[in-house]
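Asker: Sharing a structure here in structure tokens format.
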Amino acid sequence: MQDGELTDQIHDDLARAGLAPGEHVVDAAYVTAAKIERAQRVHQITLLGPVAPDPSHQTKAGNGFDKASFTVDWDAHQVVCPRGQTSRTWQPLRISGHDYIQVRFGEAACQACTDRAQCTNSAVRPRSLALLPTRDLHEIQQANRLDQQTHDWQDRYAIRASIEATLSQNVRTCGLRRTRYRGLRRTHVQHVLTALACNVTRIADWIASPTRKQRAPSHFHAL
Ligand code: SF4
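Going by the working numbering, the first residue of the sequence shown is number 27, and it counts up by one from there.
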């Protein structure tokens, strides 16, 4: 099972046990617009994590016309570009097993456009966009990409930093990445014992250093 697929499974299991959280803070491997939408719709969980940035060369260029520069009219199935041109086609598209909407602009308009260099690398083809397949998913993706650049969002997400230090400690000291046993039930016992060992180690550290008010922050946390 891929990391991303685990998110739904974890939420379903927690809900079945009556332990669904109001907010679940995860790293980028566990979050997509679809996961955020499902977590909220099915379990009323706010899934907090960075969605992947727009990978287009227009985004990387800094001043290019990325997806966020276009206005999508989901009812009319049309997109308006930063120079006011309306798209010509709106079609379903499948890439690597995932559904998208492919939008294309008119060839003549794009070839005559004075801002073409900011919009497309192609010398002849008009600009096209691949949107997520529904309005909800597209809006979640765009809103999260903006949100995750704000200090407020980053302050909320900072709570996750300490778990990285905990995972790292358990990987290094208890070999958490490898199971020592065959079978899920025995592996689960290993995980529980590892968590207990981690807690005992930390309590022992704390007792040995009674004057220390707080653990020194990890490098990741400090960053
Ligand atoms: S190249 Fe085409 S889509 Fe891009 S800004 Fe110009 S007219 Fe609009």
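Positions of the beta carbon are idealized from the N, C-alpha and C atoms, including for glycine.
#1: Taking only heavy atoms of the ligand SF4 into account, decide whether any of them is closer than 7 angstroms to the Cβ of P59.
#2: Leaving out five residues on either side along the sequence, give the residues of the same chain with a beta carbon under 8 angstroms from the beta carbon of G90.
#3: Given 8 angstroms as the limit, is there contact between the segment 93-100 and the segment 146-157, that is, 3 or more CB pairs closer than that?
#4: If you draw a straight line from the alpha carbon of C224 to that of I36, how long is it in whole angstroms?
#5: Starting from the C-beta of T72, find all residues in its chain whose C-beta is less than 6 angstroms away, skip the five residues before and the five after it, and write them out in chain order.
#6: Of the residues D53, L32, L74 and Y56, which one's Cα is nearest the Cα of D178?
#7: Assuming H69 and A43 make a contact with CB atoms under 8 angstroms, what is their CB distance in whole Å?
#8: Consider the C-beta atom of T227 and the heavy atoms of the ligand SF4; say whether any pair is separated by less than 7 angstroms.
#9: Shorter than 7 angstroms, the distance from the beta carbon of A135 to the closest heavy atom of the ligand SF4, or not?
#10: Using only alpha-carbon positions, find the residue among Q216, I127 and D125 that is nearest to R204.
Answerer: If we stick to the structure as given:
#1: Note on residue identity: the sequence assigns Ala, not Pro, to residue 59. For A59, the Cβ stays outside the 7 angstroms cut-off from all heavy atoms of the ligand SF4.
#2: For G90, same chain residues with a beta-carbon under 8 angstroms away, outside a window of 5 residues either side, are S82, H83, Q84, Q144 and C145 in chain order.
#3: The count of Cβ pairs closer than 8 angstroms, one atom from the segment 93-100 and one from the segment 146-157, reaches three, so the stretches are in contact.
#4: Their backbone Cα atoms lie some 22 angstroms apart in a straight line.
#5: The answer, listed in chain order, is E49.
#6: Closest option to D178, judged by alpha-carbon separation, among D53, L32, L74 and Y56: L74.
#7: Incorrect: roughly 12 angstroms between the Cβ atoms, too far for contact.
#8: Every heavy atom of the ligand SF4 is 7 angstroms or more from the Cβ of T227, so no.
#9: The ligand SF4 approaches A135 closely enough that one of its heavy atoms is under 7 angstroms from the residue's Cβ.
#10: Among Q216, I127 and D125, the Cα nearest to that of R204 is on Q216.
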